[in-house]
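Encoded as structure tokens, the structure appears first; notes follow it.
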Amino acid sequence: MRKFIISVTLLLVIPAAVYAGLNFGLIKATKKVVAKVDEKVALRKAALVLDSQAPTVPTSLTAVAVSSSQINLAWTASTDNVGVTGYKIYRDGGGTPITTAAGTAYNNTGLTGSTGYSYTVSACDAAGNCSAQTSASSDTTHPGAGGEWVLVPGSATLGTSDFYVMKYEAKNVGGVATSQAALTPWINISHEASTGACVALGAGYHLVTIAEAQTINRNIEAQAANWADGTIGSLIAGSGGLKRGNVGVVDSASYNLGALDSGTGRDEKAKHVLSNGGEIWDWSGNVSEWIYGAGANGTQGTPGGVAFNTGGYYEWNSGAPDLSQERPILGPSNSSWIGTHGMGSYAAGTADKAINRGGSYVHVADAGMYYYNSFSGPTATGGAYGFRCATPDSLAPTVPASLTAVAVSSSQINLSWAPSSDNTGVTAYKVYRNGGASPLVTQAGTTYSNTGLTELTVSTYTVSACDAAGNCSVQSSTASALTSPGAGGEWVLVPGSATLGTSDFYVMKYEVKGVGSVATSQAAAAPWVTITLANSIVACSALGSGYHLLTIAEAQTISRNIEAQTANWANGSVGSLVAAGGGLKRGNVGLLDSAGYDGANPESGTGRDEKAKLVLSNAAELWDWSGNVAEWIYGAGAGGTQGTPGGVTFDVNGFYDWDRTAAPNLSQERPILGPSNSGYTSANGVGQYYGGATTDAAYRDGYWADGVSAGVFAYMSANATSYAPSFIGFRCGAR
Numbered sequence: 010m011r012k013f014i015i016s017v018t019l020l021l022v023i024p025a026a027v028y029a030g031l032n033f034g035l036i037k038a039t040k041k042v043v044a045k046v047d048e049k050v051a052l053r054k055a056a057l058v059l060d061s062q063a064p065t066v067p068t069s070l071t072a073v074a075v076s077s078s079q080i081n082l083a084w085t086a087s088t089d090n091v092g093v094t095g096y097k098i099y100r101d102g103g104g105t106p107i108t109t110a111a112g113t114a115y116n117n118t119g120l121t122g123s124t125g126y127s128y129t130v131s132a133c134d135a136a137g138n139c140s141a142q143t144s145a146s147s148d149t150t151h152p153g154a155g156g157e158w159v160l161v162p163g164s165a166t167l168g169t170s171d172f173y174v175m176k177y178e179a180k181n182v183g184g185v186a187t188s189q190a191a192l193t194p195w196i197n198i199s200h201e202a203s204t205g206a207c208v209a210l211g212a213g214y215h216l217v218t219i220a221e222a223q224t225i226n227r228n229i230e231a232q233a234a235n236w237a238d239g240t241i242g243s244l245i246a247g248s249g250g251l252k253r254g255n256v257g258v259v260d261s262a263s264y265n266l267g268a269l270d271s272g273t274g275r276d277e278k279a280k281h282v283l284s285n286g287g288e289i290w291d292w293s294g295n296v297s298e299w300i301y302g303a304g305a306n307g308t309q310g311t312p313g314g315v316a317f318n319t320g321g322y323y324e325w326n327s328g329a330p331d332l333s334q335e336r337p338i339l340g341p342s343n344s345s346w347i348g349t350h351g352m353g354s355y356a357a358g359t360a361d362k363a364i365n366r367g368g369s370y371v372h373v374a375d376a377g378m379y380y381y382n383s384f385s386g387p388t389a390t391g392g393a394y395g396f397r398c399a400t401p402d403s404l405a406p407t408v409p410a411s412l413t414a415v416a417v418s419s420s421q422i423n424l425s426w427a428p429s430s431d432n433t434g435v436t437a438y439k440v441y442r443n444g445g446a447s448p449l450v451t452q453a454g455t456t457y458s459n460t461g462l463t464e465l466t467v468s469t470y471t472v473s474a475c476d477a478a479g480n481c482s483v484q485s486s487t488a489s490a491l492t493s494p495g496a497g498g499e500w501v502l503v504p505g506s507a508t509l510g511t512s513d514f515y516v517m518k519y520e521v522k523g524v525g526s527v528a529t530s531q532a533a534a535a536p537w538v539t540i541t542l543a544n545s546i547v548a549c550s551a552l553g554s555g556y557h558l559l560t561i562a563e564a565q566t567i568s569r570n571i572e573a574q575t576a577n578w579a580n581g582s583v584g585s586l587v588a589a590g591g592g593l594k595r596g597n598v599g600l601l602d603s604a605g606y607d608g609a610n611p612e613s614g615t616g617r618d619e620k621a622k623l624v625l626s627n628a629a630e631l632w633d634w635s636g637n638v639a640e641w642i643y644g645a646g647a648g649g650t651q652g653t654p655g656g657v658t659f660d661v662n663g664f665y666d667w668d669r670t671a672a673p674n675l676s677q678e679r680p681i682l683g684p685s686n687s688g689y690t691s692a693n694g695v696g697q698y699y700g701g702a703t704t705d706a707a708y709r710d711g712y713w714a715d716g717v718s719a720g721v722f723a724y725m726s727a728n729a730t731s732y733a734p735s736f737i738g739f740r741c742g743a744r
């Protein structure tokens with residue numbers, strides 16, 4: 010027991026109003042308290058609690074480009090057992106965070122225009138525990154020239170891909186077409202000059218086309234937020250002017266029939282919204298905007314192969330002239346909508362004329378979202394003719410992740426991958442095989458079954474994600490699979506080992522059974538024994554190309570894989586273990602086994618499902634890998650004899666545990682066919698070693714009569730190649 014002297018300073022603040030007549034409001038009192046505190050309690054309170062739990066992964070990450078140099082991020086908060094202290098933000102797959110934010114939003118500035126960026130976020134606590142990173146979210150910064158832009162989703166019906174359009178009518182800023190709210194629109198400019206002003210911004214920039222204008226119109230038309238009282242866009246106001254933009258917003262000042270409106274004060278008056286939430290200003294009723302047509306140098310031509318009618322102003326439901334052919338190209342989707350719905354009027358000219366759309370303040374009732382006019386020549390100018398530019402969307406989706414390839418038969422491999430993300434949406438995935446330049450298939454989903462393959466053939470796959478604009482990601486990391494054997498019964502796929510020099514291969518799930526003299530992997534029937542090494546080799550090869558007697562390297566790959574799986578261990582033992590009755594405990598020693606191998610005959614049959622099996626890292630099951638019958642394996646010498654595996658001349662001796670370092674010293678043999686842990690012995694179920702001459706045949710795993718010598722890593726090579734006892738069988742491999 011210890012005494013702790015605790016000095017406590019008390020600062021007491023007492024409002025004067027509490028006690029009338031008191032002329033002090035602050036009393037400072039200090040006193041020392043001597044306390045007896047149990048040492049264990051004090052230490053417990055002072056001890057630091059170690060926190061090893063990471064926060065949950067942030068969810069709902071969004072990335073939204075707001076300019077040519079800024080993308081705004083937002084996500085849902087994580088939770089933690091103690092508390093989240095910050096969020097690490099990663100960009101474009103980098104290993105180092107670009108920043109650590111305290112809150113659930115971050116604005117990434119200083120970016121490059123027309124460039125795609127991808128982000129992930131990880132949540133961290135005070136102890137330094139950090140969650141896994143979120144799924145990626147991406148967006149492309151707005152075009153690097155020309156001010157502010159809006160992303161417009163493409164339309165398959167209209168043949169457009171995703172593109173950007175100027176948010177505002179082009180303004181003249183030092184002779185450069187610029188999208189900004191302030192300043193008067195760039196007017197008194199011809200169609201020809203408008204085209205040049207857009208092209209001057211750089212590669213890909215162009216005057217808005219007929220198809221792009223119609224894509225915007227139809228998108229605006231489809232959004233309920235742009236409608237009110239049965240009207241959309243510009244509407245005749247009480248003063249005779251045009252109501253600006255979104256008619257659902259009260260507008261106290263119409264276009265004034267004498268000037269062009271501009272400036273940031275009209276935010277809630279002049280805008281329309283698109284399906285992706287983007288805003289576009291003054292799309293109708295402020296100035297008419299030149300657009301690029303289907304004819305020479307962007308004149309009207311014959312859009313969609315249609316020779317537009319020539320005449321005065323007509324409603325889009327006109328029957329004389331009949332506008333049924335023109336309407337799908339630049340008119341409303343509903344043939345009954347007219348000017349009173351805010352649609353605007355149609356007024357076409359000849360094919361060599363330039364097109365303007367939207368109408369201006371002087372067009373009054375004729376102005377509107379679908380206003381169309383082609384009366385003027387390409388060089389004509391006017392006080393109410395402006396323009397805006399467009400440029401393609403160039404952001405590709407994120408690269409598909411977590412691609413897996415799994416062979417499900419001798420002729421089929423199934424693929425799956427995690428979905429990609431895109432600023433407008435992924436529309437398709439291209440699947441490639443074996444490095445081919447052309448995709449094997451293009452599809453919408455994230456799974457694919459590749460059928461019609463050849464047995465024992467490795468196929469390597471990659472996947473690329475694409476959007477409606479035709480932007481495709483780079484191809485994913487590869488995933489490969491080996492189709493299963495088509496002969497010889499049931500097989501198990503074994504993951505290869507770079508350490509042992511093996512690639513993925515198949516091994517028979519069961520010891521070979523002789524079914525009509527054909528080597529067959531099945532549970533039923535007695536193992537095929539009383540067979541020589543040479544005849545085992547022949548029996549496997551007879552199954553076809555790629556089939557062979559299991560090799561030393563393949564056997565070791567299987568054994569090391571089994572050794573590494575905790576499911577195969579119990580009470581310090583793996584595989585077969587000497588049972589109380591003197592026989593060998595079957596398979597997975599974690600399962601109760603009331604009957605050991607009986608010391609007289611090999612066993613077979615389906616009733617031993619849960620006794621004889623061992624599992625691999627891929628969850629595949631392998632039966633009787635130790636303790637039922639021994640199995641011939643193909644060595645490094647002539648005709649598959651032992652030879653010198655790995656360049657090692659194996660010691661010739663009796664049964665020894667694999668941990669032996671005295672003569673014979675097995676430190677060279679152990680890496681080739683022994684356990685990875687040099688301390689494992691037969692008591693751990695690994696079996697024993699019995700070496701032979703280089704010309705002897707080799708077999709593995711021991712059999713029912715070998716007692717403690719049998720096991721997962723049991724090995725013997727003390728017999729001639731003509732040896733054919735009743736306790737040695739075999740199993741085949743395939744690749």
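Residue numbers (my numbering): 10 to 744.
Built from N, CA and C at the ideal position, the CB exists for glycine as well.
Inset, instruction - List the endpoints of the continuous beta strand (DSSP E) containing alanine 707. - result: Position 698 of the sequence shown holds residue 707. Taken as a continuous stretch (DSSP letters only), the beta strand (DSSP E) holding alanine 707 covers 706–709.
Legend entry - Residue ranges of each beta strand (DSSP E) within the segment 94–152, 3 or longer: Listed in chain order, the complete beta strand (DSSP E) runs (minimum 3 residues) inside the segment 94–152 are 108–110, 114–117, 125–134 and 146–149.
Inset, instruction - Within its chain, find whatever has a CB closer than 7 Å to the CB of valine 638; leave out the 5 residues flanking it on each side and keep chain order. - result: Numbered from 1 along the sequence shown, position 629 holds the residue referred to as residue 638. Non-local C-beta neighbours of valine 638 in its own chain, meaning closer than 7 Å and more than five positions away in sequence, comprise Glu520, Pro536, Val538, Pro611, Tyr712, Phe736, Ile737 and Gly738, ordered along the chain.
Legend entry - Enclosing beta strand (DSSP E) for glutamine 452 [first to last residue]: Walking along the sequence shown from the start, residue 452 turns up at place 443. DSSP places glutamine 452 in the uninterrupted beta strand (DSSP E) bounded by 450–452.
Legend entry - Contacts around tyrosine 173, its chain only, beta-carbon distance under 8 Å, and the 5 residues preceding and following it disregarded: Translated into the one-based positions of the sequence shown, residue 173 becomes position 164. Taken in chain order, the residues that qualify are His151, Pro152, Trp158, Val159, Leu160, Val161, Ala399, Thr400, Pro401 and Asp402.
Inset, instruction - Answer with buried or exposed for tryptophan 500, where buried requires no fewer than 16 other C-beta atoms within 10 angstroms of its C-beta. - result: Along the sequence shown, read from residue 1 onward, the residue named residue 500 stands at position 491. Per the 10 Å Cβ criterion, buried.
Legend entry - Host beta strand (DSSP E) of leucine 339 (start-end): Here residue 339 refers to the residue found at position 330 of the sequence shown. Element bounds for leucine 339: not the beta strand (DSSP E) but the alpha helix (DSSP H), 336–339.
Legend entry - Beta carbon of alanine 114 nearer than 8 Å to that of leucine 70: For the purposes of this step, residue 114 is taken as the residue at position 105 of the sequence shown. For the purposes of this step, residue 70 is taken as the residue at position 61 of the sequence shown. It is not a contact, given that the beta carbons lie outside the stated cut-off.
Inset, instruction - Could you check if asparagine 382 is buried or exposed, using at least 16 other CB atoms within 10 Å of its CB as the buried criterion? - result: To locate residue 382, count along the sequence shown from 1; it is residue 373. Counting the other CB atoms within 10 Å of its CB gives asparagine 382 a total of 16 or more, which places it among the buried residues.
Legend entry - Buried versus exposed, by CB contacts within 10 Å (16 or more), lysine 40: For the purposes of this step, residue 40 is taken as the residue at position 31 of the sequence shown. With a pLDDT of 34 at lysine 40, under the threshold of 50, the modelled position of that residue is not reliable, and the figure given next carries that caveat. With fewer than 16 neighbouring CB atoms inside 10 Å of its own CB, lysine 40 falls in the exposed class.
Inset, instruction - To the nearest angstrom, report how far apart asparagine 235 and alanine 477 are at their CA atoms. - result: For the purposes of this step, residue 235 is identified with residue 226 of the sequence shown, where counting begins at 1. For the purposes of this step, residue 477 is identified with residue 468 of the sequence shown, where counting begins at 1. Going by the C-alpha atoms only, they are around 25 Å apart.
Legend entry - valine 721 to serine 458 span [Cα, whole Å]: Residue mapping note: residue 721 aligns to position 712 of the sequence shown, counting from 1. Residue mapping note: residue 458 aligns to position 449 of the sequence shown, counting from 1. Taking the straight line from one Cα to the other gives about 36 Å.
Inset, instruction - Figure out for me which residue from Tyr301, Ile225, Asp710 and Ser344 has the closest Cα to the Cα of isoleucine 289. - result: Reading the sequence shown from its first residue, position 280 is the one you call residue 289. Selected option, being the one with the closest Cα: Ile225.
Inset, instruction - Using alpha carbons as the reference points, say which of Ala579, Asp134, Val75 and Val130 lies closest to glutamine 62. - result: Counting from one through the sequence shown, the residue named residue 62 turns up at place 53. Nearest of Ala579, Asp134, Val75 and Val130 to glutamine 62, Cα basis: Asp134.
Inset, instruction - Would you list the residues sitting across from cysteine 481 in a DSSP beta bridge? - result: Taking the first residue of the sequence shown as 1, we reach residue 481 at position 472. The partner list for cysteine 481 (beta bridge, DSSP) reads Cys475.
Inset, instruction - Confirm the yes/no value for this check: CB of isoleucine 364, any heavy atom of the ligand SAH, distance under 7 Å. - result: In terms of ligand content, the structure shown is empty, and the ligand SAH therefore cannot be addressed.
Inset, instruction - Output the distance between the C-alpha atoms of glycine 498 and alanine 416, rounded to the nearest integer angstrom. - result: As a working note, residue 498 is residue 489 in the sequence shown. As a working note, residue 416 is residue 407 in the sequence shown. Near 16 Å, if we compare the C-alpha coordinates of alanine 416 and glycine 498.
Inset, instruction - For lysine 176, count neighbouring Cβ atoms within 10 angstroms of its own Cβ and tell me buried if that reaches 16, exposed if not. - result: On the sequence shown, residue 176 is found 167 positions in, with the first residue counted as 1. By the neighbour-count criterion, in which 16 or more other beta carbons inside 10 Å mark a residue as buried, lysine 176 falls on the buried side.
Legend entry - Alpha-carbon spacing of threonine 703 relative to leucine 682, whole angstroms: Counting from one through the sequence shown, the residue named residue 703 turns up at place 694. Counting from one through the sequence shown, the residue named residue 682 turns up at place 673. If I take the Cα positions, the gap works out to 15 Å.
Inset, instruction - Following the continuous beta strand (DSSP E) through serine 425, name the residue where it begins and the one where it ends. - result: For the purposes of this step, residue 425 is taken as the residue at position 416 of the sequence shown. Looking at the DSSP string, the run of the beta strand (DSSP E) that includes serine 425 is 422–427.
Legend entry - Secondary structure of glycine 738, DSSP reduced to three states: Numbered from 1 along the sequence shown, position 729 holds the residue referred to as residue 738. In this structure, DSSP gives glycine 738 an extended state, which the three-state scheme calls strand.
Legend entry - Inter-residue Cα distance where the pair is histidine 345 and tryptophan 325: As a working note, residue 345 is residue 336 in the sequence shown. As a working note, residue 325 is residue 316 in the sequence shown. Sequence check: residue 345 is serine here, not histidine. Here the alpha carbon of serine 345 sits roughly 8 Å from the alpha carbon of tryptophan 325.
Legend entry - Sub-8 Å separation of serine 635 and alanine 719 beta-carbons: The residue labelled residue 635 in the question sits at position 626 within the sequence shown. The residue labelled residue 719 in the question sits at position 710 within the sequence shown. Against a cut-off of 8 Å, the Cβ pair of alanine 719 and serine 635 comes out as a contact.
Legend entry - Spatial neighbours of aspartate 705 in its chain, beta-carbon cut-off 7 Å, leaving aside the 5 residues before and after: The sequence position of residue 705 within the sequence shown is 696, counting from 1. Closer than 7 Å at the Cβ level, and outside the excluded window around aspartate 705, lie Thr650, Gln651, Ser726, Ala727, Asn728 and Ala729.
Legend entry - Rounded straight-line distance, which links the Cα of lysine 97 to that of proline 341: Stepping through the sequence shown from its first residue, residue 341 is reached at position 332. Stepping through the sequence shown from its first residue, residue 97 is reached at position 88. Answer to the nearest angstrom: the Cα atoms are 48 Å apart.
Inset, instruction - Taking 8 Å as the cut-off, decide whether the C-beta atoms of aspartate 513 and glycine 505 are in contact. - result: Here residue 513 refers to the residue found at position 504 when the sequence shown is read from its first residue. Here residue 505 refers to the residue found at position 496 when the sequence shown is read from its first residue. A contact, by the Cβ cut-off of 8 Å.
Legend entry - Residues of its chain near glycine 211, where Cβ-Cβ distance is below 6 Å and the 5 sequence neighbours each way are ignored: The residue given as residue 211 occupies position 202 in the sequence shown. For glycine 211, where only same-chain residues beyond five positions count, the Cβ hits under 6 Å are Ala154.
Legend entry - Residue span of the alpha helix (DSSP H) that contains histidine 372, given as start and end: Start at 1 with the first residue of the sequence shown, and residue 372 comes out as number 363. Premise fails: histidine 372 is in no alpha helix (DSSP H) and is neither H nor E.
Legend entry - Exposure label - alanine 453; buried when at least 16 CB within 10 Å: For this step, residue 453 is matched to residue 444 along the sequence shown. Its Cβ having fewer than 16 others within 10 Å, alanine 453 is exposed.
Legend entry - Span separating the alpha-carbon of tyrosine 699 from that of serine 468: Taking the sequence shown and counting its residues from 1, one reaches residue 699 at position 690. Taking the sequence shown and counting its residues from 1, one reaches residue 468 at position 459. Rounded to whole angstroms, tyrosine 699 and serine 468 show a C-alpha spacing of 40 Å.
Inset, instruction - Please classify glutamate 630: does DSSP put it in a helix, a strand, or coil? - result: Mapped onto the sequence shown, residue 630 falls at position 621. Strand, per DSSP.
Legend entry - Three-way DSSP call (helix, strand, coil) for alanine 179 in this model: Stepping through the sequence shown from its first residue, residue 179 is reached at position 170. Looking at alanine 179 - three-state DSSP - the assignment turns out to be strand.
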